[in-house]
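*Asks:*
2 protein chains.
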Amino acid sequence: MNYAPEKFQPLFDPRSIAFIGASNDTGKWGYIVLRNLINGGYQGNIYPVNPKEKTVQHIPAYSRISEIPEVPDLAVIVIPPVLVPGVIEECVAGGIRAGLVITAGFAEVGEEGKALQAEMVEKARKGGMILVGPNCNGILRPSRKLFPQMPAVFPPNGRISIVSQSGNVATSLSQRGIKTGYGIGCTVSSGNEADLHCEDFFDFLANDPGTDVIISYVEGLKDGRRFFETAKRVGIKKPIIMLKAGGTEAGAQAALSHTASLAGLDSAFQGACRQCGIIRANNLEDLFNIGMGFIDQPRARGNKVGIVTMGGGWGVLAADAGARYGLDVVRLSDKTLSALNEILPPWWNPGNPVDMVAGNIPGALMKSLKILFEAPETDCILLLGIIGFIKIRPLPPNLNLEMVDQHIANTLNELSKAIQEVKNMARLYQKPVVTATEIPFAVGNMEERIFYQAGRKGFPLFRTPDAAARVMSCIVHHSGYIRERQNAGNLP
Amino acid sequence: MNYAPEKFQPLFDPRSIAFIGASNDTGKWGYIVLRNLINGGYQGNIYPVNPKEKTVQHIPAYSRISEIPEVPDLAVIVIPPVLVPGVIEECVAGGIRAGLVITAGFAEVGEEGKALQAEMVEKARKGGMILVGPNCNGILRPSRKLFPQMPAVFPPNGRISIVSQSGNVATSLSQRGIKTGYGIGCTVSSGNEADLHCEDFFDFLANDPGTDVIISYVEGLKDGRRFFETAKRVGIKKPIIMLKAGGTEAGAQAALSHTASLAGLDSAFQGACRQCGIIRANNLEDLFNIGMGFIDQPRARGNKVGIVTMGGGWGVLAADAGARYGLDVVRLSDKTLSALNEILPPWWNPGNPVDMVAGNIPGALMKSLKILFEAPETDCILLLGIIGFIKIRPLPPNLNLEMVDQHIANTLNELSKAIQEVKNMARLYQKPVVTATEIPFAVGNMEERIFYQAGRKGFPLFRTPDAAARVMSCIVHHSGYIRERQNAGNLP
Chain A
1 MNYAPEKFQP LFDPRSIAFI GASNDTGKWG YIVLRNLING GYQGNIYPVN
51 PKEKTVQHIP AYSRISEIPE VPDLAVIVIP PVLVPGVIEE CVAGGIRAGL
101 VITAGFAEVG EEGKALQAEM VEKARKGGMI LVGPNCNGIL RPSRKLFPQM
151 PAVFPPNGRI SIVSQSGNVA TSLSQRGIKT GYGIGCTVSS GNEADLHCED
201 FFDFLANDPG TDVIISYVEG LKDGRRFFET AKRVGIKKPI IMLKAGGTEA
251 GAQAALSHTA SLAGLDSAFQ GACRQCGIIR ANNLEDLFNI GMGFIDQPRA
301 RGNKVGIVTM GGGWGVLAAD AGARYGLDVV RLSDKTLSAL NEILPPWWNP
351 GNPVDMVAGN IPGALMKSLK ILFEAPETDC ILLLGIIGFI KIRPLPPNLN
401 LEMVDQHIAN TLNELSKAIQ EVKNMARLYQ KPVVTATEIP FAVGNMEERI
451 FYQAGRKGFP LFRTPDAAAR VMSCIVHHSG YIRERQNAGN LP
Chain B
493 MNYAPEKFQP LFDPRSIAFI GASNDTGKWG YIVLRNLING GYQGNIYPVN
543 PKEKTVQHIP AYSRISEIPE VPDLAVIVIP PVLVPGVIEE CVAGGIRAGL
593 VITAGFAEVG EEGKALQAEM VEKARKGGMI LVGPNCNGIL RPSRKLFPQM
643 PAVFPPNGRI SIVSQSGNVA TSLSQRGIKT GYGIGCTVSS GNEADLHCED
693 FFDFLANDPG TDVIISYVEG LKDGRRFFET AKRVGIKKPI IMLKAGGTEA
743 GAQAALSHTA SLAGLDSAFQ GACRQCGIIR ANNLEDLFNI GMGFIDQPRA
793 RGNKVGIVTM GGGWGVLAAD AGARYGLDVV RLSDKTLSAL NEILPPWWNP
843 GNPVDMVAGN IPGALMKSLK ILFEAPETDC ILLLGIIGFI KIRPLPPNLN
893 LEMVDQHIAN TLNELSKAIQ EVKNMARLYQ KPVVTATEIP FAVGNMEERI
943 FYQAGRKGFP LFRTPDAAAR VMSCIVHHSG YIRERQNAGN LP
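Keeping their order, the protein sequence lines are chains A and B. For the first sequence, the working numbering gives the first residue as 1, with consecutive numbering after it. For the second sequence, the working numbering gives the first residue as 493, with consecutive numbering after it.
Here it is, written out as structure tokens:
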């Protein structure tokens with residue numbers, strides 16, 4: 001194993017950046033990518049390289065790399081493909097140790113592109129330079145205010161990191177980091193993976209203290225053996241969740257013309273994933289959801305789930321979904337049921353899910369949850385509906401903006417305390433908890449803010465019982481995988 | 493068959509309403525349901541019945557039903573269960589022809605409740621009165637401004653109607669009617685279905701000119717044979733999409749204590765659904781999504797799909813999902829490809845999905861779409877990404893509110909025209925189209941407004957390629973079912 005984390009420093013923590021192909025023309029990617037790098041707040045020096053301009057976007061420009069007055073760590077490259085190999089040569093000569101090749105038109109477009117790509121990689125490797133791309137849309141790392149990328153997407157810092165062979169999927173996922181409030185540790189659009197493969201980025205993220213979970217979109221593997229060896233090593237430290245595209249003939253065909261990826265047989269891939277503990281996601285939403293579920297969450301001792309629900313139908317749907325995904329909707333003990341009996345109204349129907357039967361008894365939801373956490377028969381908890389955490393305040397019809405603001409602030413404040421309390425229980429009893437809710441009582445932008453706040457606090461909040469049960473099943477299965485590896489003595 | 497649509501008039505189009513259990517106590521359901529009825533803007537007379545109050549919520553109240561000065565069409569009943577049979581008797585005596593029994597505590601809580609429920613139904617049927625419920629959370633019908641319901645949910649008028657055995661699921665779905673912009677034709681929370689079953693409501697909706705598609709949440713059937721006979725008859729006129737809960741043991745157990753439903757074997761149910769053309773949904777989101785897909789959409793002649801995508805990864809995901817759901821990602825003819833060649837940039841990789849390769853050539857997206865619609869080899873179209881319909885306007889960093897408003901208005905306006913153009917093509921070529929997009933360029937509340945506007949126009953817009961492919965597959969399968977029935981001569 002030839003792994004050296006410091007090799008990634010010029011890429012993910014560069015002290016200065018050369019920008020090859022920097023442009024003042026607002027329609028060009030050389031403008032947009034540089035603009036995003038500047039707008040993202042990057043703190044190191046930026047050296048635009050453009051032989052025709054004195055300044056680019058008000059920053060002094062250089063005709064060639066050799067004229068830059070220091071040795072940049074990273075070169076961002078946004079120039080036509082035929083010019084790239086020559087520029088890589090100049091980078092190597094100038095001591096630049098990492099390149100981010102955004103330019104497309106290489107292996108994905110045919111033989112000529114393939115040859116160019118091979119030439120580029122050869123020059124880089126000979127010179128000890130690592131490359132991301134080509135045919136990618138950039139990287140982002142909020143903790144370093146590093147956003148050299150095509151899309152103007154600026155998530156807050158978070159603990160979910162993304163490795164994607166598709167730029168637009170990388171962007172889709174990064175945007176979920178914004179909307180959900182979870183933020184992003186690091187996003188890499190790996191493109192054609194001419195030099196660095198997704199498994200190299202896994203290795204980097206395994207040792208990145210800012211990353212707790214890795215989510216990945218893959219169309220095909222350049223080196224399957226190396227990929228799975230890496231994944232097995234990394235997956236013990238940090239869960240890897242993967243959406244594999246190209247599993248059908250139609251998808252494989254599309255992947256081939258997209259990133260020149262040869263998608264393999266899905267059954268073989270699935271077996272290898274299982275062995276390495278890689279969690280397979282079903283679609284984009286599922287992929288990010290599962291990532292959310294692993295943040296700041298204890299492992300589950302088993303698959304026995306206790307469900308608390310504010311609505312009967314949601315309870316039935318969660319029980320069904322849980323059972324389908326391999327959770328055991330556990331029969332609650334007499335002791336647990338009689339503890340619940342003391343809290344819930346007489347027309348409550350004892351059982352699991354624990355249905356709050358539209359009850360608005362103050363505190364009943366939190367008390368019921370606590371009973372389920374304490375119950376020795378449960379390993380994990382699904383919570384459906386959060387309205388029971390909030391004081392019900394009838395709102396007047398003549399609501400003004402100030403009242404709306406105050407109302408939202410009060411609600412967020414109450415929920416913030418409730419979330420902390422639930423998280424404390426999860427930690428105390430070492431049982432993961434996943435929540436789904438609607439916000440039927442929302443006014444103004446309350447709904448977005450509730451979901452955002454929950455995300456910032458690392459409290460996974462979904463919109464359907466199905467999504468919550470699915471994410472919990474992944475936590476449970478992965479906890480089982482880790483336990484097996486531990487029992488087999490495969491772990492330090 | 494004993495079907496008479498006029499029997500539903502007092503329930504869904506009542507000229508006046510008696511409200512039994514009307515309350516001035518803001519914590520009681522008798523207050524909240526009446527408040528929602530009033531706030532919803534109901535235009536007929538409302539007669540609160542409460543022996544202890546002179547007025548309820550400022551409306552003159554009556555001690556008993558017999559004192560009401562006209563014969564109300566509908567009685568909304570929110571009183572303790574033991575009092576319900578007596579009140580039904582009074583309703584019958586007073587000539588009231590329909591009752592909405594919101595009260596819970598009947599068959600779902602045990603033997604005593606079962607007996608009460610049987611007594612209530614017997615009295616109603618003897619008197620020719622139809623009943624919804626008990627143990628339901630109400631009905632809503634925006635076209636009649638009719639909202640006698642527990643939740644304060646007021647969707648705009650739309651063409652999707654909902655029949656749900658769970659009140660909270662009914663509410664979840666009605667809220668999707670608000671958020672998506674699709675609105676709701678009619679929502680019925682059918683509760684324990686002591687008298688009217690979900691199939692009765694299907695019969696009503698089959699003849700309701702305001703309803704184009706029926707979505708339904710079912711935990712168990714009271715009379716399976718009658719249900720499927722009705723569904724088969726109704727499903728030819730309007731697609732029925734169903735989420736069936738209780739398919740697992742855990743779910744069936746939960747359903748039993750929720751609405752006293754005996755959930756049957758899923759495999760038998762699935763077979764019966766297939767025969768009747770009922771489309772099975774996988775979860776709440778899927779259920780509403782499929783409903784959206786059928787609004788204002790031509791039938792598909794076959795399963796051959798053409799895909800246009802603004803991003804490569806999304807194209808691969810859509811191809812995979814499409815293939816998994818039974819769509820044929822069709823090989824485009826040389827004629828189609830050369831027409832596309834004239835529009836797309838030279839580095840375009842000819843194939844299906846048609847990848848716009850991050851191109852921002854004005855008009856290219858609409859032109860490519862048109863080529864796919866025209867192509868005789870396609871039966872239906874998936875469109876991924878809508879940014880190509882919008883002029884790209886770089887926004888200054890010092891954006892003020894007025895500029896944001898103007899920008900959103902311009903964008904909505906451009907999109908509105910593009911949507912109309914795409915819908916016109918769908919109609920002209922008789923090929924359904926489903927779209928998925930993200931709105932990475934959103935400022936302010938642009939994203940919500942784009943999705944809402946699309947929904948108001950009946951243009952199904954989803955957030956992931958998987959969701960779009962899934963919905964299209966349902967349209968394609970259902971079109972095939974209708975074709976088979978037509979070919980078999982089973983249709984008028």
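Every residue gets a Cβ at the ideal spot worked out from N, C-alpha and C, and that includes glycine. Quick caveat, the model's predicted, so the values are computed rather than measured.
Would you report the Cα separation of B/Leu824 and B/Asp871, rounded to the nearest angstrom?
*Replies:* Mapped onto the second sequence, residue 824 of chain B falls at position 332. Mapped onto the second sequence, residue 871 of chain B falls at position 379. About 12 Å.
*Asks:* Between the region 222-229 of chain A and the region 759-770 of chain B, do three or more beta carbon pairs fall short of 8 Å?
*Replies:* Verdict: no, contact absent.
*Asks:* Between B/Asn537 and B/Gly814, what straight-line distance do the alpha-carbon atoms span, to the nearest angstrom?
*Replies:* Counting from 1 along the second sequence, the entry for residue 537 of chain B is found at position 45. Counting from 1 along the second sequence, the entry for residue 814 of chain B is found at position 322. Approximately 52 Å, taken between the alpha carbons.
*Asks:* Using a Cβ-Cβ distance cut-off of 8 Å, determine whether A/Gln57 contacts chain B.
*Replies:* Mapped onto the first sequence, residue 57 of chain A falls at position 57. Chain B, which has no Cβ nearer than 8 Å to the Cβ of A/Gln57, makes this no.
*Asks:* Are any of the Cβ atoms in chain B nearer than 8 Å to that of A/Asp466?
*Replies:* The count along the first sequence starts at 1 and reaches residue 466 of chain A at position 466. Yes, A/Asp466 counts as interfacial toward chain B.
*Asks:* Where does A/Gln187 fall in DSSP's three states?
*Replies:* Indexing the first sequence from 1 puts residue 187 of chain A at position 187. As written in the sequence, residue 187 of chain A is Thr, which differs from the Gln given in the question. Strand.
*Asks:* So which of A/Gly191, A/Ile68, A/Leu34 has the shortest CA-CA distance to A/His58?
*Replies:* Taking the first residue of the first sequence as position 1, residue 58 of chain A is located at position 58. When only C-alpha atoms are compared, the closest one is A/Leu34.
*Asks:* What's the C-alpha gap between A/Pro14 and B/Pro952?
*Replies:* Position 14 of the first sequence, counting from 1, holds the residue named residue 14 of chain A. Position 460 of the second sequence, counting from 1, holds the residue named residue 952 of chain B. Cα to Cα, the separation comes out at about 44 Å.
*Asks:* CB-CB under 8 Å to B/Thr672, same chain, minus the five flanking residues each way: which ones, in chain order?
*Replies:* In the second sequence, counting from the first residue as 1, residue 672 of chain B sits at position 180. Same-chain partners within the cutoff: Phe780, Met784, Phe943, Tyr944, Gly947.
*Asks:* Relative to the C-alpha of B/Gly677, which residue among B/Pro868, B/Val570, B/Arg636 is closest?
*Replies:* Taking the second sequence and counting its residues from 1, one reaches residue 677 of chain B at position 185. Ranking the options by Cα distance to B/Gly677, first place goes to B/Arg636.
*Asks:* State yes or no: is the C-beta of B/Ile622 within less than 8 Å of the C-beta of B/Gly586?
*Replies:* Translated into positions along the second sequence, residue 622 of chain B becomes position 130. Translated into positions along the second sequence, residue 586 of chain B becomes position 94. Going by C-beta atoms, B/Ile622 is not nearer than 8 Å to B/Gly586.
*Asks:* Are the C-beta atoms of A/His197 and some chain B residue less than 8 Å apart?
*Replies:* Here residue 197 of chain A refers to the residue found at position 197 when the first sequence is read from its first residue. Chain B, which has no Cβ nearer than 8 Å to the Cβ of A/His197, makes this no.
*Asks:* Would DSSP call B/Met1038 helix, strand or coil?
*Replies:* Since the first and last residues shown for chain B are 493 and 984, residue 1038 of chain B lies out of range.
*Asks:* Can the beta-carbon of B/Pro924 be found less than 8 Å from the beta-carbon of B/Pro790?
*Replies:* For the purposes of this step, residue 924 of chain B is identified with residue 432 of the second sequence, where counting begins at 1. For the purposes of this step, residue 790 of chain B is identified with residue 298 of the second sequence, where counting begins at 1. Contact flag set, yes.
*Asks:* Going by beta carbon distance, what residues of the same chain come within less than 6 Å of A/Lys417, once the five residues before and after it are set aside?
*Replies:* As a position in the first sequence, residue 417 of chain A is number 417, starting the count at 1. Nothing listed; no residue qualifies.
*Asks:* Decide yes or no for the touch test of the region 515-530 of chain B against the region 634-651 of chain B: beta carbon pairs closer than 8 Å, at least 3 of them.
*Replies:* Taking 8 Å as the limit for Cβ pairs, the verdict is that the region 634-651 of chain B does touch the region 515-530 of chain B.
*Asks:* Report yes or no: is there a C-beta of chain B within less than 8 Å of the C-beta of A/Pro440?
*Replies:* Taking the first residue of the first sequence as 1, we reach residue 440 of chain A at position 440. So yes, A/Pro440 belongs to the interface.
*Asks:* The alpha helix (DSSP H) with B/Leu920 in it runs from where to where?
*Replies:* Position 428 of the second sequence, counted from the first residue, corresponds to residue 920 of chain B. Taken as a continuous stretch (DSSP letters only), the alpha helix (DSSP H) holding B/Leu920 covers 893-921.
*Asks:* Using 10 angstroms around the beta-carbon of B/Ala980, count the other beta-carbons present and answer buried if the total reaches 16, otherwise exposed.
*Replies:* In the second sequence, residue 980 of chain B corresponds to position 488, counting from 1. Exposed: under 16 other Cβ atoms inside 10 Å.
*Asks:* Identify which residue in B/Glu741, B/Ala746, B/Ala792 has its Cα closest to the Cα of B/Asp758.
*Replies:* Indexing the second sequence from 1 puts residue 758 of chain B at position 266. If we check each option's Cα against that of B/Asp758, B/Glu741 comes out closest.
*Asks:* Looking at the secondary structure, which residues open and close the beta strand (DSSP E) in which B/Leu623 lies?
*Replies:* Within the second sequence, numbered from 1, the residue matching residue 623 of chain B stands at position 131. Counting along the chain, the beta strand (DSSP E) containing B/Leu623 begins and ends at 622-624.
*Asks:* Relative to the C-alpha of B/Gly578, which residue among B/Pro648, B/Gly597, B/Leu608 is closest?
*Replies:* On the second sequence, residue 578 of chain B is found 86 positions in, with the first residue counted as 1. Out of B/Pro648, B/Gly597, B/Leu608, B/Leu608 has the C-alpha closest to the C-alpha of B/Gly578.
*Asks:* Counting contacts by CB-CB distance shorter than 8 Å, is A/Asp296 in contact with chain B?
*Replies:* Reading the first sequence from its first residue, position 296 is the one you call residue 296 of chain A. Taking Cβ atoms only, chain B never reaches closer than 8 Å to A/Asp296, which makes this a no.
*Asks:* Mind listing, in chain order, the continuous alpha helix (DSSP H) runs of no fewer than 4 residues lying wholly within the region 189-242 of chain A?
*Replies:* Segments of the alpha helix (DSSP H) lying fully in the region 189-242 of chain A: 198-206, 224-237.
*Asks:* Please determine, among A/Ile215, A/Gly210, A/Ser166, A/Gly271, the residue with the shortest C-alpha to C-alpha distance to A/Ser189.
*Replies:* By one-based count along the first sequence, residue 189 of chain A stands at place 189. Minimum Cα distance to A/Ser189 is reached at A/Ser166.
*Asks:* Output the distance between the C-alpha atoms of A/Asp466 and B/Glu906, rounded to the nearest integer angstrom.
*Replies:* On the first sequence, residue 466 of chain A is found 466 positions in, with the first residue counted as 1. On the second sequence, residue 906 of chain B is found 414 positions in, with the first residue counted as 1. So the alpha carbons of these two residues sit roughly 36 Å apart.
*Asks:* Taking the C-alpha atoms as reference points, what is the distance between A/Pro233 and A/Pro239?
*Replies:* Within the first sequence, numbered from 1, the residue matching residue 233 of chain A stands at position 233. Within the first sequence, numbered from 1, the residue matching residue 239 of chain A stands at position 239. At residue 233 of chain A the sequence reads Arg, which differs from the Pro that was named. Looking at the two C-alpha atoms, the distance is approximately 11 Å.
*Asks:* What are the residues in the region 49-78 of chain A lying within 9 Å of chain B by C-beta distance?
*Replies:* Flagged: no residues at all.
*Asks:* Can the beta-carbon of A/Ile79 be found closer than 8 Å to that of A/Thr103?
*Replies:* Within the first sequence, numbered from 1, the residue matching residue 79 of chain A stands at position 79. Within the first sequence, numbered from 1, the residue matching residue 103 of chain A stands at position 103. Contact: yes.
*Asks:* Between B/Glu869 and B/Ala918, what straight-line distance do the alpha-carbon atoms span, to the nearest angstrom?
*Replies:* Residue 869 of chain B sits at position 377 when you count from the first residue of the second sequence. Residue 918 of chain B sits at position 426 when you count from the first residue of the second sequence. Straight-line Cα distance between these residues: approximately 15 Å.
*Asks:* Tell me which same chain residues have a C-beta within less than 6 Å of the C-beta of B/Ile580, skipping the five on either side of it?
*Replies:* Taking the first residue of the second sequence as 1, we reach residue 580 of chain B at position 88. Here the set comprises Met612, Lys615, Ala616.
*Asks:* Express the C-alpha separation of B/Phe511 and B/Asn542 in angstroms, rounding to a whole number.
*Replies:* Here the question's residue 542 of chain B lines up with position 50 in the second sequence. Here the question's residue 511 of chain B lines up with position 19 in the second sequence. In a straight line, the C-alpha of B/Asn542 is about 9 Å away from that of B/Phe511.
*Asks:* So, helix, strand or coil for A/Val84, using DSSP?
*Replies:* Sequence index remark: in the first sequence, residue 84 of chain A carries index 84 (1-based). Note: A/Val84 maps to helix in three-state DSSP.
*Asks:* Below 7 Å, is the gap between the Cβ of B/Asp700 and the nearest heavy atom of the ligand NAD?
*Replies:* The model depicted lacks the ligand NAD and carries no ligand whatsoever.
*Asks:* Helix, strand or coil for B/Asp871, going by three-state DSSP, please let me know.
*Replies:* Within the second sequence, the letter at position 379 stands for residue 871 of chain B. B/Asp871: coil per DSSP, three-state reduction.
*Asks:* Does the beta-carbon of A/Leu401 have 16 or more other beta-carbons within 10 angstroms, so that it is buried, or is it exposed?
*Replies:* By 1-based counting over the first sequence, the position of residue 401 of chain A is 401. When all chains shown are included, A/Leu401 counts as exposed.
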